[in-house]
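Beneath this line is the structure, given in structure tokens, with notes to follow.
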Amino acid sequence: MGCLQSLCCPYYPSGVVGLQAAIIEPQKCKGIVLLDISLRMLHIKKQPWFAKPFIKSFQSLLRKTVVGKLFFNAVATPESVKNILCQCYHDTSAVTDELVQIILQPGLDPGAVDVFLEFICYSGGPLPEELLPLVKCPVLVAWGEKDPWEPVELGRAYASFDVVEDFVVLPDVGHCPQDEAPELVNPLVESFVKRHS
């Protein structure tokens, strides 16, 4: 099965997947737009030495006991999802009941608890800063200026990599720029695609 050359535009945790795809199949990837890529702050390599045993124990508690399921059940409610979204969206008017339902619905599927716990407990794998030097195509990084979870000050370090052709700070935008400010994100992506098509 063949695959046409493409541009990849992953958001947050899937940014690492996009980088890995560009490394594994460089001939198929003409460019990558990274939107608020995960800094992977709980990665084992970024944890302070004194916190490692506590983080590992807490993650084990979540994965291997009923505590994880109880935690999931506490956050997999419309009220909790709305509260979480209001934390990460700088413009909270973008947090609608429809958005809450779109986010919540997959969490009600069988197996969702396991996926959620793996996501919040994942401390291994490659880091973006380990993958970027291996990427052969141009990369555009865009970041919400007001992202409370992935601070733009830390994200700016990605601008120093040779493949990163631009690092764009999106003013007054939080953690989900593609949803919160498509009027800023879409022209960036369109311009990048035109330059590299």
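Reminder that position 63 of the sequence shown reads as 81 in our numbering, one-by-one numbering, no gaps. All C-beta atoms, glycine included, are put in the ideal place defined by N, C-alpha and C.
Euclidean distance between Cα positions of residue i and residue j
i      : j      : result
Ile50  : Asp197 : 18 Å
Leu53  : Gln105 : 18 Å
Leu202 : Tyr107 : 15 Å
Cys47  : Asp180 : 17 Å
Ser215 : Pro156 : 12 Å
Gln38  : Lys87  : 31 Å
Lys212 : Arg58  : 31 Å
Lys100 : Glu136 : 22 Å
Ile55  : Thr83  : 30 Å
Ala92  : Val133 : 16 Å
Pro189 : Leu152 : 30 Å
Lys74  : Pro124 : 27 Å
Ile42  : Leu149 : 11 Å
Buried versus exposed call for residue i [16 or more other C-beta atoms within 10 Å across all chains shown]
i      : result
Lys164 : buried
Leu302 : The structure shown does not extend to residue 302, since the chain spans only 19 to 215, so no value can be given for it.
Trp67  : exposed
Ala175 : exposed
Within-7 Å CB hit, residue i to chain E
i      : result
Ser141 : You won't find chain E in this structure, because it holds only one protein chain.
Reference residue i; option with closest CA among the options
i      : options                           : result
Ser98  : Leu79, Gly36 and Gln119           : Gln119
Val13  : Leu79, Pro166, Val159 and Ile138  : There is simply no residue 13 to check, as the chain begins at 19 and stops at 215 in what is shown.
Gln65  : Pro146, Thr110, Val182 and Gly142 : Gly142
Val186 : Lys63, Pro44 and Gly162           : Gly162
Pro128 : Phe90, Ser24 and Gly192           : Phe90
Gln45  : Ser24, Ser78 and Leu117           : Ser24
Thr110 : Asn204, Phe210 and Val191         : Val191
Asp184 : Ile102, Phe210 and Ile121         : Phe210
Residues sharing a beta bridge with residue i, DSSP
i      : result
Leu188 : Gly162
Val182 : Val157
Legend entry - Segments of 4+ residues assigned as alpha helix (DSSP H) that fall wholly inside the stretch 133 to 161: 146 to 149
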